[in-house]
Amino acid sequence: MGKQCLHSIWMIARREIQRIGKKPVYFFCMLVAPTICVVFFLSLMKDGLPTDMPIAVVDMDGSSNSRNLSRQLDAFEQTEVVLTTVSFEEARQAMQEGKVYGIFYIPKDFGVDAVAGRQPKLSFYTNGTYLIGASLLFRDMKTMSVLAGASVGLQTGLAHGYTEDQIMAQLQPIVIDTHALGNPWLNYSVYLNNTLLPGVLQLMIFLVTVLSIGSEIKYSTARQWLQMGNNSLTVSLIGKVLPYTVVFTVVAFLYGAALYGFNSFPLSSGWLPMLSALFLLVIASQAVGIFMIGVLPTFRMGLSFASLFGMLAFSIVGFSFPVLGMDPTLQALSNMFPLRHYFLIYVDQALNGRAFFYSWTEYAWLLGFLILPFLIGKQLKKALLYFKYIP
Amino acid sequence: MKKEHRLRYIIKQGILDTFYIWKDELKNVFRDEGVLIFFFLVPFAYPLLYSFIYNNEVVHEAKMVVVDQSDSYLSREFTRRVNATPDVEVIAVCTDMEEAKRMLDEKKAYGILYFPTEFSKDLHRGKQTTVPLYCDMSSLLFYKAFLLSATEVSLDLGKELRRHNSPGASDKQEQITVDPVPYESVTIFNSQNGFASFLVPAILILVIQQTLVLGIGMLGGTAREKNSLHNLVPVSPHFNGTLRVVFGKSLTYILIYVVVCIWVVAVVPKLFSLPQVGDPMTILLFLLPYLFACIFFAMTLSGFMTNREAPMLLFVFTSVILLFISGVSWPKEAIPPFWQVVGYAFPSTPGIQGFIRINTSGATLNEVVHEYHTLWIQAGVYFVLACIIYRFQIRRRKKFEDFNVIM
Chain Z
1 MGKQCLHSIW
11 MIARREIQRI
21 GKKPVYFFCM
31 LVAPTICVVF
41 FLSLMKDGLP
51 TDMPIAVVDM
61 DGSSNSRNLS
71 RQLDAFEQTE
81 VVLTTVSFEE
91 ARQAMQEGKV
101 YGIFYIPKDF
111 GVDAVAGRQP
121 KLSFYTNGTY
131 LIGASLLFRD
141 MKTMSVLAGA
151 SVGLQTGLAH
161 GYTEDQIMAQ
171 LQPIVIDTHA
181 LGNPWLNYSV
191 YLNNTLLPGV
201 LQLMIFLVTV
211 LSIGSEIKYS
221 TARQWLQMGN
231 NSLTVSLIGK
241 VLPYTVVFTV
251 VAFLYGAALY
261 GFNSFPLSSG
271 WLPMLSALFL
281 LVIASQAVGI
291 FMIGVLPTFR
301 MGLSFASLFG
311 MLAFSIVGFS
321 FPVLGMDPTL
331 QALSNMFPLR
341 HYFLIYVDQA
351 LNGRAFFYSW
361 TEYAWLLGFL
371 ILPFLIGKQL
381 KKALLYFKYI
391 P
Chain Y
1 MKKEHRLRYI
11 IKQGILDTFY
21 IWKDELKNVF
31 RDEGVLIFFF
41 LVPFAYPLLY
51 SFIYNNEVVH
61 EAKMVVVDQS
71 DSYLSREFTR
81 RVNATPDVEV
91 IAVCTDMEEA
101 KRMLDEKKAY
111 GILYFPTEFS
121 KDLHRGKQTT
131 VPLYCDMSSL
141 LFYKAFLLSA
151 TEVSLDLGKE
161 LRRHNSPGAS
171 DKQEQITVDP
181 VPYESVTIFN
191 SQNGFASFLV
201 PAILILVIQQ
211 TLVLGIGMLG
221 GTAREKNSLH
231 NLVPVSPHFN
241 GTLRVVFGKS
251 LTYILIYVVV
261 CIWVVAVVPK
271 LFSLPQVGDP
281 MTILLFLLPY
291 LFACIFFAMT
301 LSGFMTNREA
311 PMLLFVFTSV
321 ILLFISGVSW
331 PKEAIPPFWQ
341 VVGYAFPSTP
351 GIQGFIRINT
361 SGATLNEVVH
371 EYHTLWIQAG
381 VYFVLACIIY
391 RFQIRRRKKF
401 EDFNVIM
């Protein structure tokens, strides 16, 4: 019995490989699309942080002090002064034209007033329409303002005969020293690509799994396929998904190599926890894919479901906007996405290097997705045997 | 001169055929539930869903744990004030680092604020003191909430301490040494730095393009599947001219998407009170070339779809890339030149850039003129390409017909 099952699985897998070979779309979904994405995202964020973002300096002072300030601002890695003007109106228009994301305003007589102790006020404006650009520029312009104050403070303080320590304690008694655990560079590539790329993989697995089963219904080959598995859905399904499991696992491991090997992203707990998480993500996504076509056995409905669910994952997984900040319904719903659990494993294992103990429930969740095909088995089999494709 | 060659006749017939094709395509759309999903359900439901996901805009009450080895009035006051900020909630005060780290491991908290033993002593002695802040980096928004709240409290408390420490100096005089150059920061446009206000407008515009590509691609694929010659254009005397086919079909899509656009850019932002400072007329004028560009772009692509499921397999994943290439989250200046060029092939790139600037930053057409022109150029180029594709398909069909007549 067991031997015969293995033989059937082997025969179905061989048949599947032939089917894959005949349709270039499989090749596209399994290899081309993931390659495009990995090349795109890793090359887009290769510097880790966007550099030289344009700002405008409105210099009402026009003294050597203000020019010096502008030059120092330009020297920051993330900031580039592309426009120096005396008209705030012009700067604001440049912002609306998308030419600058921030405006640094130096008031009239800034240099003279600062030294004379008349407390001239620096103002900076960021465009919240571009959240990432705005928050990075905010950081640079704020640092610049603090430094400007410090340098003036130092000058006057030293003139009064205070020591530098005394002056610093006076200028800023409490300093917050931030430690970004696991990603001290605040590298956006680390932050985004660790979840974006597996998300693409999950999407493509959903689509390909639905495609491989749905096309059997569409081209009325489902009965033949089931017969090869001696009418056992389990055997037939295992044989069918096996070639995809192999290909996608290889692709997933290559993603792992690109992220943790080639790009040396943080991998605190070593390779094993992440590689096993990637493998589990692949088979969990396949299980969800089978569930999708089982629930909606119409080929295009199944594919639509896979598309929408797969795209939604990128938002609901919570790597950009945290799940804890969402509505409780959505917090519960996020558990239905394999990528969510993969993301939590990544945070524990690769980013923070926590003990396995803290993430075992997430591994268990991923394994738990394998139950889904069994829940929908009966309906799927009925669909395979009796469903007629209506275009 | 034969009747068929008179210009007036050709024009009249052309217009009649255009309307025939329009009606025919409208029927195709409403008969096909797969297309209906993409033309109506997705544009209807997706914006709602995304607005719902990001509706809270900012993170409130990010969980923080405090390790207080100073155990002094000042450290407790600092903790109390951090807890009082809207963005951060202090869930526990521990005595040692081990316990706090364990709380991070258990995801009970996402940040640690650590007061060293000498915290209060330093401050009383007039020495600068350092307070380490440790942040879990699983979400940058948590990091931002912790950092901004802790910094704000440290500055406020610092100012009060200085006043307290040098009571002899007059108020004004003392402020000058401690705060020689004050500063203020202003966020103009999306002033609360909300996440929905930042991302949802871009998604709204992208949804329009992607659903058109998927829906029209599906119609094209179906037409080819149904057709015995795998041809995009059915065998019918009404389908003899390229222009009438392209105009007739695009008329269908435009009428449907006028409704979709009203929902997506006028109703949804109101429902979720997303910022909308743009002039409605400007938005309308800007969306016009965007719709044309998207429709002809989708019709061009549909020429390559050989079956009805193909568009989903080929185009869904591009949404993620297109969102990044548009320069809304990743600044366009930081996009490598190669990808910038690739971005110009898609109407969504200038579409999103222009729309968010009009909608969220209140730009006028003058300020988005580059994007506006790009969209018209794209509309023109894709119109020509769509015509070429249909011309080719009509010729191919005619060849077969002629061939059949001879046989």
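Quick note, the sequences are listed as chains Z and Y, same order.
Per the UniProt record's numbering, the first sequence starts with residue 1, numbered consecutively.
Per the UniProt record's numbering, the second sequence starts with residue 1, numbered consecutively.
Ideal placement from N, C-alpha and C gives every residue a C-beta, glycine not left out.
Which residues in chain Y sit within 9 angstroms of residue i, going by Cβ to Cβ distance?
| i | result |
| --- | --- |
| Ser43 of chain Z | Pro336, Phe338, Trp339 |
| Phe28 of chain Z | Leu313, Leu314 |
| Asn335 of chain Z | Near Asn335 of chain Z there are no residues of chain Y at all, since even the closest Cβ is about 14 angstroms away, more than 9 angstroms. |
| Glu97 of chain Z | Arg357, Ala363, Asn366, Glu367, Val368, Val369, His370 |
| Asp327 of chain Z | Phe52, Ile53, Asn55, Asn56 |
Report the neighbours of residue i on chain Y: residues whose CB is nearer than 7 angstroms to its CB, in chain order.
| i | result |
| --- | --- |
| Val347 of chain Z | Ser138 |
If the cut is a Cβ gap below 8 angstroms, which residues of chain Y does residue i touch?
| i | result |
| --- | --- |
| Pro50 of chain Z | Trp330, Pro331, Glu333, Ala334 |
| Ala134 of chain Z | Thr187, Asn193 |
| Asp177 of chain Z | Thr130, Val131, Pro132, Leu133 |
| Ser264 of chain Z | What Ser264 of chain Z touches in chain Y: nothing, since even the nearest Cβ is about 16 angstroms away. |
Using the DSSP secondary-structure output, state which residues sit across from residue i in a beta bridge.
| i | result |
| --- | --- |
| Ser120 of chain Y | None, per the DSSP bridge assignment. |
| Val67 of chain Y | Y:Cys94, Y:Tyr114 |
| His179 of chain Z | Y:Tyr134 |
| Asp165 of chain Z | Answer by DSSP bridge pairing: none, since Asp165 of chain Z is not bridged. |
| Leu122 of chain Z | Y:Tyr183 |
| Thr84 of chain Z | Z:Val57 |
| Asn127 of chain Z | Y:Ile188 |
| Ile17 of chain Z | According to DSSP, Ile17 of chain Z bridges with nothing at all. |
| Ile213 of chain Z | BP columns for Ile213 of chain Z are empty, so no partner. |
| Ile103 of chain Z | Z:Ala56, Z:Tyr125 |
Which chain Z residues are close to residue i, counting only those with a beta carbon under 9 angstroms from its beta carbon?
| i | result |
| --- | --- |
| Asp179 of chain Y | Gln119, Gly149, Gly153, Leu171 |
| Leu206 of chain Y | Per Cβ cutoff of 9 angstroms: no residues; Leu206 of chain Y is ~10 angstroms from chain Z at best. |
| Val246 of chain Y | Near Val246 of chain Y there are no residues of chain Z at all, since even the closest Cβ is about 24 angstroms away, more than 9 angstroms. |
Cutting at 6 angstroms between CB atoms, please list the residues of its own chain near residue i, excluding the five before and the five after it.
| i | result |
| --- | --- |
| Tyr257 of chain Y | Leu291 |
| Gln210 of chain Y | Ser319 |
| Gly377 of chain Z | Leu233 |
| Gly168 of chain Y | Only weak support is given to the placement of Gly168 of chain Y: the predicted model assigns it a pLDDT of 49, under 50, and the question is left unresolved by the model. |
| Leu375 of chain Z | none |
| Asn307 of chain Y | Gly221, Glu225 |
| Gly294 of chain Z | Ile376, Gln379, Leu380 |
| Ile15 of chain Y | none |
| Val66 of chain Y | Thr79, Val90, Val93, Leu113 |
Within 8 angstroms (strictly less), CB to CB, does residue i reach chain A?
| i | result |
| --- | --- |
| Pro182 of chain Y | The displayed structure is made up of protein chains Z and Y, and chain A is not among them. |
Can you give the beta carbon distance from residue i to residue j, rounded, assuming they're within the 8 angstroms contact cut?
| i | j | result |
| --- | --- | --- |
| Asn190 of chain Y | Pro275 of chain Y | 6 angstroms |
| Asn194 of chain Z | Met45 of chain Z | With a Cβ gap of about 11 angstroms, Asn194 of chain Z and Met45 of chain Z do not count as contacting. |
| Asp74 of chain Z | Ser66 of chain Z | No, Asp74 of chain Z and Ser66 of chain Z are not in contact; Cβ-Cβ is about 13 angstroms, not under 8 angstroms. |
| Ile295 of chain Y | Ser326 of chain Y | Wrong, their Cβ atoms sit about 19 angstroms apart, outside the cutoff. |
| Lys249 of chain Y | Met218 of chain Y | With 8 angstroms as the limit, Lys249 of chain Y and Met218 of chain Y do not qualify as a contact, their Cβ atoms being about 13 angstroms apart. |
| Tyr50 of chain Y | Ser315 of chain Z | 6 angstroms |
| Leu323 of chain Y | Leu206 of chain Y | 6 angstroms |
| Leu201 of chain Z | Phe248 of chain Z | 7 angstroms |
| Ala69 of chain Z | Gly199 of chain Z | A quick correction: the sequence has Leu, not Ala, at residue 69 of chain Z. With a Cβ gap of about 43 angstroms, Leu69 of chain Z and Gly199 of chain Z do not count as contacting. |
Closest to residue i by CA distance: which of the options is it?
| i | options | result |
| --- | --- | --- |
| Pro269 of chain Y | Y:Glu25, Y:Phe355, Y:Ser197, Y:Thr129 | Y:Ser197 |
| Asp402 of chain Y | Y:Ile112, Y:Arg125, Y:Val235, Y:Val381 | Y:Val235 |
| Leu122 of chain Z | Y:Leu285, Y:Ser185, Y:Asn83, Y:Gly158 | Y:Ser185 |
| Arg396 of chain Y | Y:Ile356, Y:Ala293, Y:Gly241, Y:Phe338 | Y:Gly241 |
| Ile188 of chain Y | Z:Arg223, Z:Gly310, Z:Gly128, Z:Leu171 | Z:Gly128 |
| Arg357 of chain Y | Y:Leu301, Y:Ala379, Y:Pro311, Y:Pro280 | Y:Pro280 |
| Leu49 of chain Z | Z:Thr84, Z:Ile132, Z:Val250 | Z:Ile132 |
| Leu351 of chain Z | Y:Leu288, Y:Ser329, Y:Met137 | Y:Met137 |
| Phe279 of chain Z | Z:Arg300, Z:Phe253, Z:Pro297, Z:Thr298 | Z:Phe253 |
Are there any heavy atoms of the ligand SAM lying less than 7 angstroms away from the beta-carbon of residue i, as far as the coordinates show?
| i | result |
| --- | --- |
| Asp96 of chain Y | The model on display carries no ligand, and the ligand SAM is accordingly not part of it. |
What does a CB cutoff of less than 7 angstroms around residue i pick up in its chain, not counting 5 residues either side in sequence?
| i | result |
| --- | --- |
| His238 of chain Y | Asp17, Tyr20, Ile21 |
| Ala306 of chain Z | Phe206, Leu207, Val210, Gly289, Met292 |
Applying a beta-carbon distance threshold of less than 7 angstroms, which residues of chain Z neighbour residue i?
| i | result |
| --- | --- |
| Arg162 of chain Y | Gln170, Pro173 |
Taking 8 angstroms as the limit between beta carbons, can you name the residues of its chain near residue i, skipping five residues before and five after?
| i | result |
| --- | --- |
| Gly111 of chain Z | Asp61, Ser63, Ser64, Asn65, Ser66 |
| Ser87 of chain Z | Val58 |
| Ser359 of chain Z | Pro273, Leu344, Ile345, Asp348, Gln349 |
| Asp52 of chain Z | Glu77, Gln78, Thr79, Glu80 |
| Met141 of chain Z | Ile55, Leu73, Thr79, Gly102, Phe104, Phe124, Thr126 |
Could you work out which residues of chain Z lie near residue i, taking near to mean beta carbons separated by less than 8 angstroms?
| i | result |
| --- | --- |
| Lys127 of chain Y | Asp165, Ala169 |
| Gln353 of chain Y | Gly98 |
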